[in-house]
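Visitor: One structure is given below, represented as structure tokens, and several questions about it will come after.
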Amino acid sequence: MSGKKNVRKIFADNLIHIRKGFGLSQKAFAVKVGLTHNFINDIEKGNKGVSIATIERLSETLDVEPFRFFIDPAQWDKKDRLHYMAIVDELNQKVNMLFDNYREIGNKK
Numbered sequence: 002m003s004g005k006k007n008v009r010k011i012f013a014d015n016l017i018h019i020r021k022g023f024g025l026s027q028k029a030f031a032v033k034v035g036l037t038h039n040f041i042n043d044i045e046k047g048n049k050g051v052s053i054a055t056i057e058r059l060s061e062t063l064d065v066e067p068f069r070f071f072i073d074p075a076q077w078d079k080k081d082r083l084h085y086m087a088i089v090d091e092l093n094q095k096v097n098m099l100f101d102n103y104r105e106i107g108n109k110k
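Here it is in structure tokens:
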């Protein structure tokens, strides 16, 4: 495998960073989001993937846009600010479309 991080690792690193930024332990965060401590631990270790519904719950609980979980922090310093913001804007639009499609499918059931 190349030197690139996998998506689960990027997601896990960002979740840990954001959760700790709120001063929440894994246990306190699990209670707040309505998931088990073991599941949060597995996500943060990169052992478990998450569904769109879970990403939505995590982002709502932490009050962050879902796309923030997918940006590799190692890339942040490599791009100039305007280029970085364009990438973030495009990613945000794509993730929002994904969530909109997910909600539409759920509403049709």
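Residues in the sequence shown are numbered from 2 upward in steps of one, following my numbering.
Note that CB positions come from ideal geometry on N, CA and C, so glycine has one too.
By the three-class DSSP mapping on this structure, what secondary structure does Ile41 have?
Guide: DSSP places Ile41 in helix when its eight states are reduced to three.
Visitor: So, helix, strand or coil for Met2, using DSSP?
Guide: For Met2, the pLDDT reaches just 42, beneath the cut-off of 50, and the residue's location in the model is therefore unreliable, although a value from the coordinates is still provided. Correct three-state label for Met2: coil.
Visitor: Let me make sure I understand the geometry here. Which of Glu57, Gly47, Leu92 has the alpha-carbon closest to that of Leu7?
Guide: Note on residue identity: the sequence assigns Asn, not Leu, to residue 7. Comparing Cα-Cα distances from Asn7 to each of Glu57, Gly47, Leu92, the minimum goes to Gly47.
Visitor: Around the C-beta of Ser3, are 16 or more other C-beta atoms found within 10 angstroms, so that it is buried, or is it exposed?
Guide: Low confidence applies here, because Ser3 scores a pLDDT of 47, under 50, leaving its location unreliable; read the following figure in that light. Label assigned to Ser3: exposed.
Visitor: Quick one: Cα of Phe68 to Cα of Val89, how far?
Guide: Cα-Cα distance, rounded: 8 Å.
Visitor: Whose CA, out of Asn97, Arg104, Leu92, Phe71, lies closest to the CA of Asn15?
Guide: Taking only the C-alpha atoms, the option nearest Asn15 is Phe71.
Visitor: Use the C-beta contact count for Ile106: other C-beta atoms within 10 angstroms, 16 or more gives buried, fewer gives exposed.
Guide: Exposed: under 16 other Cβ atoms inside 10 Å.
Visitor: Assuming contact is defined by CB atoms lying nearer than 9 Å, are Thr55 and Leu36 in contact in what I supplied?
Guide: In contact: Thr55 and Leu36 (Cβ atoms closer than 9 Å).
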